[in-house]
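Position 158, counted from 1, in the sequence shown is what the numbering used here calls 160; the numbers after and before it change by one each time, with no gaps.
Everything below concerns the one structure shown next.
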Amino acid sequence: MLEDRGAAAHRTAPRIGRQPGPQTPPADWPDAYPEGYAVVDVETTGLARDDRIISAAVYQLDARGEFQDSWYTLVNPRRDPGPVWIHGLTSEVLADAPLFPEIVPELSARLADRVLVAHNAMFDWSMLAREYARAAAVPPVRRRLCTIALAKELDLPLPNHKLESLAAHFGVIQERAHHALDDARVLAEAFRPSLHRAARQRLRLPLLTCQPLTEWSDAPAPRPRATAGAGGYRPTSWRPARKRPACPYPNPGRYEPGDRLVQGMRVAFSGDTSVDRELLEDRATEAGLHVASSVSRLTSLLVTNDPDARTSKTVKAASYGTPLVDEAAFMQLLQDVRPAPASG
Numbered sequence: 003m004l005e006d007r008g009a010a011a012h013r014t015a016p017r018i019g020r021q022p023g024p025q026t027p028p029a030d031w032p033d034a035y036p037e038g039y040a041v042v043d044v045e046t047t048g049l050a051r052d053d054r055i056i057s058a059a060v061y062q063l064d065a066r067g068e069f070q071d072s073w074y075t076l077v078n079p080r081r082d083p084g085p086v087w088i089h090g091l092t093s094e095v096l097a098d099a100p101l102f103p104e105i106v107p108e109l110s111a112r113l114a115d116r117v118l119v120a121h122n123a124m125f126d127w128s129m130l131a132r133e134y135a136r137a138a139a140v141p142p143v144r145r146r147l148c149t150i151a152l153a154k155e156l157d158l159p160l161p162n163h164k165l166e167s168l169a170a171h172f173g174v175i176q177e178r179a180h181h182a183l184d185d186a187r188v189l190a191e192a193f194r195p196s197l198h199r200a201a202r203q204r205l206r207l208p209l210l211t212c213q214p215l216t217e218w219s220d221a222p223a224p225r226p227r228a229t230a231g232a233g234g235y236r237p238t239s240w241r242p243a244r245k246r247p248a249c250p251y252p253n254p255g256r257y258e259p260g261d262r263l264v265q266g267m268r269v270a271f272s273g274d275t276s277v278d279r280e281l282l283e284d285r286a287t288e289a290g291l292h293v294a295s296s297v298s299r300l301t302s303l304l305v306t307n308d309p310d311a312r313t314s315k316t317v318k319a320a321s322y323g324t325p326l327v328d329e330a331a332f333m334q335l336l337q338d339v340r341p342a343p344a345s346g
C-alpha cells in the first residue's frame, strides 16, 4: 500500500509562479546549516493525544533545499478516521492500508539524518513521536524546523500563517489541500526560497531539538465517536482529556528573574517546545506549580521559545509585565523549586 512517487512524479521543475527576489542560493552558504531536510505532512483522525495518523508524506531535500525524493503512504488507524469531509479518507479506503509499525522502517529511512520540516512542526512531530512510542520504536529525528517560525524570522508579509498564505506568497499552486503528499509538496516548494533567503541574510535557523516520548504511553481506549459523515464528530483540543488536579499551594506572586521558582506560581506556555508540551506541563505540576491555560495579571511566568511572536499570550504578558523565560531556562528552574511557605 506504500506509494513511492518520487522518481516519476516530482523530478520535473516545480510549477512556481511569482518569486519575490532572487531564488538562486548564495555562493557563500552558511556552514552551520543542516545537510538535508525531510519535509513532512501527516493527516490524522483528529487533534487529541489519542488520535492517530492516517496518511504521511515525506519530501527529501538536500542541504540547499533542492528536491531529492518523495514518498507517501496511507496508514490504517484501527479506528474511526475522523473528519472525512476534510481529508477524504474513509474507513473503506484505509481498511487495507499498513499499520503504523509496518511503515516504521521505510519512514525512518526517509527521516534519518535530516531536519524534520513541517508547517506547525510541533503538531506533526508530536503525532509522529506518539505513533513511534506506540510502536515501541525511536524516531531517527534529532531536530525540527517549523516553517511558521521561519516565516516570522524572515518577516514575510503574510496576512496570516496558514500554509495557503505561505504558498501564495511564493506563487506555489495547491492542488489538493489536506492531502498529505500535496501539502508536503507545497511546503517543500515554499521552503526552498525561504531557506535561500535565510542563507542570504545569514539568519540563524529556528531549529528545535526533538525529544522522543520515552516517558509517554498510549492513552486509554478512545471514547466512541459518531461515524464519519454523521455530523457528530468534533475534534478535541490538543490538550489531554484528563483534568489536572488543582494546585494545592497559594500563588506567591510573580517570578523574579534570577531567583528560584516557588510552589504555587502560575506558569503558562506559548509556542513550540522541544519537550512534548503535555510532558512539560506534567513536570511543572509535579514540581508544585499551577499550569495556566492563559495569561492574566496573576500569571507568574510565561515560558516561550519565541518571545517576539505576537501571540495572544506574549501580547498579554507584555501588557502585564509578566516575566518570560525560554524552555531551557525553565527546565533548569524546575530542578530547584522552592517549597511553598508553611501556612499559619
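Glycine residues also receive a C-beta, built at the ideal position from the N, C-alpha and C atoms.
Keep in mind that this is a model prediction, so the values were computed, not measured.
Mind reading off the beta-carbon distance from residue i to residue j? Whole number of angstroms is fine, and I expect it under 8 Å.
i: R136; j: F102; result: 7 Å
i: A201; j: P27; result: 6 Å
i: R51; j: R132; result: 7 Å
i: F271; j: L282; result: 7 Å
i: L160; j: A153; result: 6 Å
i: L197; j: C249; result: That belief does not hold up - the Cβ atoms of L197 and C249 are roughly 43 Å apart, past 8 Å.
Mind checking whether residue i and residue j have CB atoms under 8 Å apart?
i: V305; j: V269; result: yes
i: D126; j: L215; result: no
i: Y39; j: R116; result: yes
i: L168; j: A192; result: yes
i: L165; j: D184; result: no
i: G266; j: A342; result: yes
Closest by CA to residue i, which one among the options?
i: G323; options: M333, E329, P309; result: P309
i: A182; options: T46, V339, D30; result: T46
i: K315; options: S298, A97, A331, A330; result: S298
i: V188; options: Y35, A170, E283, D52; result: A170
i: L130; options: R312, V42, L282; result: V42
i: P195; options: R178, V174, L96; result: V174
i: A34; options: P161, G273, L207, F332; result: L207
i: A319; options: S296, Q176, D338; result: S296
i: A311; options: R66, H163, D30; result: H163
i: P36; options: A139, E329, N307, R66; result: R66
i: L158; options: G48, R199, A342, V86; result: R199
i: A294; options: P247, A342, M333; result: P247
i: A330; options: A190, V86, N307; result: N307
i: Y134; options: M333, R54, F332; result: R54
i: D284; options: M333, Y251, D30, S321; result: M333
i: L49; options: A29, D30, P85; result: P85
In chain order, what residues of the same chain lie with their CB nearer than 8 Å to the CB of residue i, ignoring the 5 residues before and after it?
i: L335; result: R262, L263, V327
i: C212; result: L118, W127, A131, P141, V143, R144, R145, R146, S276
i: P32; result: A201, R204
i: I105; result: L4, A58, T75, V77
i: L96; result: I56, L76, V77, N78, P79, P83
i: E68; result: R194
i: L113; result: A40, V42, V60, P141, P142, V143
i: L156; result: S196, R199, A200, Q203, L205
i: A289; result: L263, Q265, L336, V339
Leaving out the 5 sequence neighbours to the left and right, which residues in its chain are closer than 6 Å to residue i when beta-carbon positions are compared?
i: R340; result: R262, V264
i: L91; result: I56, P83
i: H89; result: E45, H180
i: A120; result: V42, D126
i: C148; result: A123, D274
i: E94; result: none
i: T313; result: S272
i: F172; result: A192, P195
i: A286; result: V269, V293
i: R17; result: Interpretation of R17 is limited by its pLDDT of 37, a score under 50 that renders its predicted location unreliable; no figure is taken from the coordinates.
i: P252; result: G266
If you drop the 5 nearest sequence neighbours on each side, which residues of the same chain put their C-beta closer than 7 Å to that of residue i?
i: D64; result: G38, Q70
i: E177; result: D184
i: A139; result: V106
Would you verify that the beta carbon of residue i is, or is not, closer than 8 Å to some beta carbon of chain D?
i: E68; result: Absent from the structure is chain D; it holds one protein chain and no more.
Examine the Cβ distances between the segment 106-115 and the segment 55-64 and report whether three or more of them are shorter than 8 Å. The segment 106-115 vs the segment 55-64: in contact.
Count Cβ pairs between the segment 293-302 and the segment 245-258 that sit closer than 8 Å; are there 3 or more? The way I'd put it, the segment 293-302 does touch the segment 245-258; three or more beta-carbon pairs between them come closer than 8 Å.
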